[in-house]
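Following: one structure in structure tokens, then a few remarks.
There are 4 protein chains.
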Amino acid sequence: MTSLRSGGEFSLPVRVYIEDTDAGGIVYYVNYLKFMERSRTELMRSLGFDKNFIFNEDLMFVVRDVAVTYFKPAKLDDALNATASITGVKGATIIMQQSIRMGEDVLAAGHVTIACVDKTGVKPRRLPKSMLQTLRGASARA
Amino acid sequence: MTSLRSGGEFSLPVRVYIEDTDAGGIVYYVNYLKFMERSRTELMRSLGFDKNFIFNEDLMFVVRDVAVTYFKPAKLDDALNATASITGVKGATIIMQQSIRMGEDVLAAGHVTIACVDKTGVKPRRLPKSMLQTLRGASARA
Amino acid sequence: MTSLRSGGEFSLPVRVYIEDTDAGGIVYYVNYLKFMERSRTELMRSLGFDKNFIFNEDLMFVVRDVAVTYFKPAKLDDALNATASITGVKGATIIMQQSIRMGEDVLAAGHVTIACVDKTGVKPRRLPKSMLQTLRGASARA
Amino acid sequence: MTSLRSGGEFSLPVRVYIEDTDAGGIVYYVNYLKFMERSRTELMRSLGFDKNFIFNEDLMFVVRDVAVTYFKPAKLDDALNATASITGVKGATIIMQQSIRMGEDVLAAGHVTIACVDKTGVKPRRLPKSMLQTLRGASARA
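Protein chains in written order, with my numbering: chain A, 3 to 144; chain B, 3 to 144; chain C, 3 to 144; chain D, 3 to 144.
Right under this line is the structure:
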């Protein structure tokens, strides 16, 4: 699965399958959030922060808020890109800008705020120092 | 399926099934958007705007933007309520406030903007006059 | 949420929402398996076997195999029933017959074999004795 | 997205994301059917039968029946392969054997019968002659 980075933007190819569509004949708008999360996950993995890292640190990441604007629909078989850029890192929070594109067209765009919490899933926890540094280094605004 | 209305708020009971959860042991945050849409759909149906109405009018509704803030997680078997309130109606657009609650607790809240478009799914179309009036009458701010 | 039982068959009303459909304009066939599981879950709950019972007994249920035949498609807004009947109970295994119906029409039908395993999710475990008796009493072939 | 063929078996790499998991901490068993369909879709695409071909021929493919046996669970982050092999082609029907594997381990396996129908989605239609020949040529039992 190829992916490229330029100017701090991570881009993951996503193919639209029948599971992603709805009776309107287009991608069900909720599913763009899944595509965006796949991209965030691969961005984090590319920086060394996979499931094992997170388990070893006894922390969890939860989505605090999400906002998406939809511009154009995608359809079955479309070859899309889901992008993720780190645009904010502080204390216990990571902010990412995300988009769904087809070629040069932006089909949807938005941002998501992710909170670092302890294993109970409730109590905020500061990001591990090394993670904070790496994420800041990978930030699109760095 | 019972549902009640008070002060313009529509509330749909939603049970959490295993399909709704993720490996964090909680409801996958993306799925709250499905619960919210179920509530919007039932609100519209209760006002007479079901699939047949929409087909007969040759129009479509598409989500233009959505924003959700997450406060507390829900878990397997939880009995939730997904609420929807019409808070804005103009020209070709409907705005709804939505929440996911468990008893008095608000687990997630947000709003969604829905655009009325023609059958092609692209060109904006004014809401049918009778619909405009009914939705304004059902508005939480009416 | 109403549900009725006659001759050992449990029936859960299921409304088709846009989330359930695909670009073919019908319910995505994979989603019938979710409807079937909702019905199984409510059948088990009606017998006293909810999440708490299962946690207290330190056991888990996993699907061992599933087979479904599809006869007719369901569409957006359709009011369906997902049925579940216990047709086999032995040792560590429960077999259920299931169907998706609209009125008298059977849209899909199949069966699922569920295995009782220990908390690790791997090792088979005999059903608790009281559960075995209750399930046999509720069996459609009892 | 790489994929390889040997002995008529098509294999598609599939990464497990949080969207695929459930509160049991494993891949939700229903989602294996999505992985299997992705693999079928890519197999058909590799043979020249993509959405455009199907639209041009005014036909549709619907799943007639599906059966899956589950052997071992997959977990978050796992790198799986979803395989598809054409094992039967006749008249209006295609049968495929499918599996989900991790390395040499078979996590799930089954088969699916796909029926060719006309645009109404109901009436059976013979496979186009050129398609019949190509699929037989690609059959694992050819």
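For every residue, glycine included, the Cβ atom is placed at its ideal position computed from N, Cα and C.
The CB of Asp52 (chain C) comes closer than 8 Å to the CB of Asp79 in chain B, given here in chain order. Distance check between Ala94 (chain C) and each of C:Thr43, C:Tyr34, C:Ala117 places C:Ala117 closest, using alpha-carbon atoms only.
At a cut-off of 9 Å between beta carbons, Glu39 (chain A) makes no contact with chain C. Of the residues B:Asp80, B:Lys125, B:Asn33, B:Ile88, the one whose Cα lies closest to the Cα of Leu137 (chain B) is B:Ile88. The beta carbons of Arg40 (chain C) and Leu14 (chain C) sit about 6 Å from each other, so the pair counts as a contact at 8 Å. For Gln135 (chain A), DSSP assigns no beta-bridge partner whatsoever. Asp107 (chain A) places its beta carbon less than 9 Å from that of Phe73 (chain A). Nearest CB-CB separation between Met62 (chain B) and chain A: below the 9 Å threshold.
In chain order, Leu35, Gly112, Val114 place their CB closer than 7 Å to the CB of Val68 (chain B), counting only its own chain and leaving out the 5 sequence neighbours on each side. Ranked by Cα distance from Glu21 (chain A), the options D:Arg17, D:Ala76, D:Met38 are led by D:Met38. Of all residues in the stretch 16-32 of chain C, only Gly26, Gly27, Ile28, Tyr31, Val32 come within less than 8 Å of chain D when Cβ atoms are compared, listed by chain position.
Taking Arg66 (chain A) as the centre and dropping the five residues before and after it, the same chain places the C-beta of Thr115, Ala117 closer than 6 Å to its C-beta, in chain order. No Cβ of chain D is located within less than 9 Å of the beta carbon of Ala94 (chain C). At a cut-off of 9 Å between beta-carbon atoms, Ala69 (chain A) makes contact with chain B.
In this structure, the alpha-carbon of Ala110 (chain C) lies about 12 Å from that of Ala86 (chain C). Counting along the chain, no alpha helix (DSSP H) covers Lys77 (chain D), and no H or E run does either. Close CB contacts of Leu82 (chain B) within its chain, under the 8 Å cut and outside five residues either way in sequence, are with Pro15, Val16, Arg17, Val18, Phe37, Ala76, Ile102, Arg103, Met104, Leu109 (chain order).
Not a single C-beta of chain A is nearer than 9 Å to the C-beta of Thr122 (chain D).
Per DSSP, reduced to three states, the secondary structure at Phe12 (chain A) is strand. Assignment of Ile28 (chain A) by DSSP, reduced to helix, strand and coil, places it in the coil class. In the three-state reduction of the DSSP assignment, Lys36 (chain C) falls in the helix class, which pools H, G and I. The continuous beta strand (DSSP E) containing Ile97 (chain D) extends over residues 95-104. For the stretch 103-116 of chain A, there are no residues whose beta carbon sits under 7 Å from a beta carbon of chain D. The C-alpha of Leu134 (chain D) lies about 10 Å from the C-alpha of Gly90 (chain D). Nearest neighbour of Asn54 (chain B) by Cα position, chosen from C:Leu78, C:Ala84, C:Val64, turns out to be C:Leu78. Annotation: Lys74 (chain A) has no Cβ neighbours in chain D at a cutoff of 7 Å; minimum Cβ distance is about 18 Å. If you draw a straight line from the Cα of Leu129 (chain D) to the Cα of Thr23 (chain B), it comes to about 40 Å. Between Val119 (chain D) and Leu45 (chain D), the beta carbon gap of about 20 Å keeps them out of contact (Cβ cut-off 8 Å).
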